[in-house]
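Numbering (our numbering), first residue to last: -12 to 238.
Only one structure is covered here, and it is reproduced in the block below.
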């Protein structure tokens, strides 16, 4: 297959491209740096020419402009994919998206999903939970005067490489024409896994559960960030992932 990966140089995209190439697929890692820009439409027609599948794992380069990014990018991708005769349109989204649209970012992801669903192209939407890799970023985002205040939401995080593995499986299979949810094998209170991440990283910041903080501006103290029933659950638990990940980082 020829597969075009939008956002192919990012955290998920780079791993996905490597996986697809290892399976023998012709894979194009599309990004503005390579002259393929989903916002302006530059290079999309040439990139998608002759392609069998398109998978969008891109992210807004400016967080506060996510609504504009995902709407413009999604519309351009759908139009170019339809023109090229793409047979499978895959979008990476986030578990809980429809329940969190009080956040501009989650509302933007819902728009991205809707564009794919309404494009007329056979599609699969893959909603993933938060990545293990982002626990440190969450701590930094919610730090106040040296203490990390995190909402006591329930999460079921996953390793980014497992997301890439499942996306490779999805994009090379027949379109499902529906949304699937993927997650890691364990559920945590968000403060607990963030605190564990910091301790394992020799970071002595205190983590406290704080219901007033919310998640990206939305009050969340329940399990909306976890799937009610995952369509696929990865095997990689957090603690062994951490030991392996940081051993590689230190090498």
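Ideal Cβ placement from N, Cα and C applies to all residues, glycine included.
State buried or exposed for residue i, treating a residue as buried only when at least 16 other CB atoms are found within 10 Å of its CB.
i           : result
residue 204 : exposed
residue -10 : buried
residue 224 : exposed
residue 60  : buried
residue -5  : buried
residue 100 : buried
residue 96  : buried
residue 37  : exposed
residue 21  : exposed
residue 4   : buried
residue 16  : buried
residue 2   : buried
residue 0   : buried
Under the assumption that residue i contacts residue j (Cβ atoms under 8 Å), give the Cβ distance between them as a whole number of angstroms.
i           : j           : result
residue 252 : residue 75  : What the structure shows of the chain is the stretch from -12 to 238, and residue 252 is not part of that stretch, so it cannot be assessed.
residue 14  : residue -8  : 6 Å
residue 110 : residue 150 : Actually they are not in contact, since the Cβ atoms of residue 110 and residue 150 sit about 18 Å apart, beyond 8 Å.
residue 42  : residue 154 : 6 Å
residue 46  : residue -3  : 7 Å
residue 135 : residue 193 : 7 Å
residue 23  : residue 62  : Actually they do not touch by this definition, with Cβ atoms about 16 Å apart.
Measuring CA to CA, which of the options is closest to residue i?
i           : options               : result
residue 9   : 42, 171 and 152       : 152
residue 187 : 154, 79, 4 and 227    : 227
residue 200 : 156, 180, 125 and 220 : 125
residue 198 : 1, 107, 208 and 189   : 208
residue 12  : -3, 175, -6 and -12   : -12
residue 206 : 135, 35 and 90        : 90
residue 57  : 173, 154, 98 and 190  : 98
residue 129 : 154, 196 and 19       : 196
residue 127 : 62, 191 and 55        : 191
residue 216 : 143, 147 and 155      : 143
residue 121 : 172, 185, 18 and 7    : 185
residue 220 : 40, 193, 105 and 147  : 147
residue 172 : 73, 156, 132 and 119  : 119
residue 183 : 4, 50 and 230         : 230
residue 6   : 35, 145, 156 and 161  : 156
residue 55  : 40, 39, 72 and 93     : 93
residue 189 : 131, 145 and 123      : 123
residue 39  : 26, 160, 0 and 104    : 160
residue 49  : 64, 26 and 35         : 26
residue 88  : 222, 202 and 218      : 202
residue 276 : 72, 53, 64 and 51     : Residue 276 is absent from the structure shown; the chain starts at -12 and stops at 238.
residue 72  : 35, 145 and 132       : 35
residue 145 : 218, 222 and 133      : 222
Who are residue i's beta bridge partners in DSSP?
i           : result
residue 118 : 145
residue 80  : 114
residue 11  : DSSP lists no partner for residue 11.
residue -4  : According to DSSP, residue -4 bridges with nothing at all.
residue 17  : -7
residue 43  : -7 and 78
residue 193 : 134
residue 205 : 202
residue 175 : 142
residue 26  : Paired residues: none, contrary to the question.
residue 220 : 170
Under 8 Å: do the stretch 22 to 36 and the stretch 50 to 70 share three or more Cβ pairs, one atom per stretch? Judged by pairs of C-beta atoms under 8 Å, the stretch 22 to 36 touches the stretch 50 to 70, as three or more such pairs exist.
Okay, do the stretch 101 to 120 and the stretch 165 to 174 touch, 3+ Cβ pairs below 8 Å being the bar? Enough Cβ pairs lie closer than 8 Å, so yes.
I'd like to know if the stretch 203 to 218 and the stretch 78 to 86 are in contact, where contact means that at least 3 CB-CB pairs between them fall below 8 Å. Because the criterion of three Cβ pairs below 8 Å is met, the stretch 203 to 218 and the stretch 78 to 86 touch.
With contact counted as at least three CB pairs below 8 Å, one residue from each stretch, are the stretch 172 to 183 and the stretch 136 to 150 in contact? Segments in contact, yes.
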